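Enquirer: If you read the sequence shown in our numbering, its first letter stands for residue 143, the second for the next number, and so on.
Virtual Cβ for every residue (Gly too), placed ideally from N, Cα, C.
All of these numbers come straight from a predicted model, not from anything done at the bench.
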Amino acid sequence: KSFVDERSGIVSIAKAWVGLSSGVSVAIFIGFMPCTEEDPKRLHFLYCLAVVSALATLCAAPFLRVMHEPCKSAMPASQSDMLLVPPKWRVPLCLSISSLLIVTLLLSSVFKSAIISIAILGIIFSPLLVVLPSRGQSPTAQRQCRPGSPSRNNVSSPLSDTANSPLDSARSPLAAGSPSDHATVSVLDDTRLCDHLSVTWEGGPCSMLRRPEAWLLWVCAFCLSGAGLFVVINLGSIVESRSGPALSASSAATTFSGAQSAARLATGSLTNLILGKGRPRSWYFVVLLCVMASGQALLYVSGRATLVLGILLSGWAFGSTYSLMVLIVGDVFGQTYFASNYMFYD
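Written out as C-alpha cells, the structure is:
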C-alpha cells in the first residue's frame, strides 16, 4: 500500500533480506568463531541469535513511523529533495546492495574468515545511505511528511477511489481468458509495466476463500513451500548421508540461503516480464514447480555437483514462492484486505 509505483521491486528486496537472514547469521558467526561441526562452542550461535534479535528490535523501533495517506501519494519535488539519494535511484541502489550481499554470502561458503564477516556487516548497514538527509533541505520540506502533520499538497492517494490512473483493459491476472473487464494494467512511459491493477475479486478472507482460485494458489504454495522446508529441515542429514567429496552443513545452508534470496530478489522483475507479454503473473508457478521437481530429483543422484545443483534449484523455487504470493494476492484479491488475505497463505 505504501509503495504503489515500485511495488514489485520493494517486495522483492524485503523478501530477499528475509531469506538472507539465516545464511548471513551463520556466515558471520563462523567467520568470527571458527569451529568444527562437532565442537560444543557451535551452540553459542543460539546466544548470538538472541542478542542480535533483541538489538535489531531496539535499534529499529525509534525509526518506525506510521505513513499517513497524504504521504503515500505522489511526492512533491520539495519532499523528494529531503534525502541525499534521488528517488529514481533508491530502488536500484537497494537492489544492487542486495545483490552484492548475496554474492558475498555465497563467497562465505568457500572462504570462511573474519574479513568476510566484516564485509557482510558493512553491506548490511549500507542501505542507511538511502535515508541520509540532503544538506540543502528546507525546514518546510522537513515538516511536510512528518507523522501527524497534514500535507500541504492536496494530492489524492493512488489507492483511493478518486485517483486518476490511465488503465488499459486486460484479462484477469489469475485466470487467463476469463471474461473480465475489471482486471487492468497500466503502462508508464510506454516502456515500463507498472503494478497498478484493478482487481476483479476484491474482498476479505471470507470472500476470497469462496473462490476456487484461492485454493489453487494454496496448493501451489503448499507444494513449493513444503518441498523447500523439507530440504531446509533435513539439510544436515542429507549432506552427511551423501557419498563422494564432503560438503559441510554450513556451506550447504549458505548455498540454499543465497539461492532462495536471489530468487526472491528477481521474482518481481521476472514476473513483470510475464505481465508485459500479456500473460498473468501466476504462470510463473508452472516454472517454479518444474524447477522444484528437478531440484528434488537431483538429490537422489550421487555426487557433490548434483547435490549443490539440487540445493540451488530447490532454494530458487522455494524463495520465489514468497515474493510471488505477495504480488499475486495483491493483484487478484486487492489491497484493501491484503494483510488478512496474505496471512492465510503465509
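How about Leu455 and Leu366: are their beta carbons less than 8 Å apart?
Expert: Not a contact, by the Cβ cut-off of 8 Å.
Enquirer: Starting from the N-terminal side, write out each stretch of the alpha helix (DSSP H) that is 4 residues or longer and does not extend beyond the segment 410–445.
Expert: Those alpha helix (DSSP H) runs which fall completely within the segment 410–445 and span 4+ residues are 426–440.
Enquirer: Once DSSP output is grouped into helix, strand and coil, what is the label at Leu225?
Expert: Here Leu225 sits in strand by DSSP.
Enquirer: Going by DSSP in three states, Pro176 sits in which element: helix, strand or coil?
Expert: In the structure shown, Pro176 sits in coil (DSSP, three-state: anything other than H, G, I, E or B).
Enquirer: Taking the alpha carbon of Val272 as the point to measure from, which residue in Val168, Leu226, Val245 and Ser259 has its own alpha carbon closest?
Expert: Comparing Cα positions, the closest option is Leu226.
Enquirer: Only counting the same chain, and skipping five residues up and downstream in sequence, which positions put a Cβ closer than 7 Å to that of Asp303?
Expert: With a pLDDT of 36 at Asp303, under the threshold of 50, the modelled position of this residue cannot be trusted; read the value that follows with caution. Here the set comprises nothing.
Enquirer: Beta carbon of Ser399, beta carbon of Gly161: below 8 Å?
Expert: Cβ atoms of Ser399 and Gly161: closer than 8 Å.
Enquirer: Going by beta carbon distance, what residues of the same chain come within less than 6 Å of Ser462, once the five residues before and after it are set aside?
Expert: Answer for Ser462: Ala405, Thr409 and Leu430, listed in chain order.
Enquirer: Any chance the segment 183–201 sits against the segment 251–270, with 3 or more Cβ pairs inside 8 Å?
Expert: Taking 8 Å as the limit for Cβ pairs, the verdict is that the segment 251–270 does not touch the segment 183–201.
Enquirer: Suppose the cutoff is 8 Å on Cβ atoms and the five residues either side in sequence are ignored; what does the same chain contact list for Ser411 look like?
Expert: Cβ within range, chain order: Ser150, Gly151 and Ser154.
Enquirer: Name the residue from Asp473, Ile375, Thr396 and Trp357 whose alpha carbon lies nearest to the alpha carbon of Gly173.
Expert: If we check each option's Cα against that of Gly173, Thr396 comes out closest.
Enquirer: Under a Cβ-count criterion, where at least 16 other Cβ atoms within 10 Å of its own Cβ denotes burial, should Lys157 be classed as buried or exposed?
Expert: Buried is the call here.
Enquirer: Using a threshold of 8 Å, state whether the C-beta atoms of Phe460 and Gln402 are closer than that.
Expert: Result yes, Cβ atoms of Phe460 and Gln402 sit closer than 8 Å.
Enquirer: Do you know how far the Cα of Ile244 is from the Cα of Pro354?
Expert: If I take the Cα positions, the gap works out to 37 Å.
Enquirer: Given Val433, which residues of its chain have a CB within under 7 Å of its CB, disregarding the five upstream and five downstream residues?
Expert: Only Leu455, Trp458 and Ala459 meet the Cβ criterion.
Enquirer: Go ahead and pull the three-state DSSP assignment for Phe475.
Expert: Helix, per DSSP.
Enquirer: Give the straight-line distance between the Cα atoms of Val194 and Pro269, rounded to the nearest whole angstrom.
Expert: Using only the alpha carbons, I get a separation of about 18 Å.
Enquirer: Give every residue of the same chain whose Cβ lies closer than 7 Å to the Cβ of Val168, excluding the five residues on either side of it in the sequence, and list them in chain order.
Expert: Cβ neighbours of Val168 beyond the five flanking positions: Ser392, Ala395 and Thr396.
Enquirer: What is the rounded straight-line gap between the Cα of Pro182 and the Cα of Val166?
Expert: Using only the alpha carbons, I get a separation of about 21 Å.
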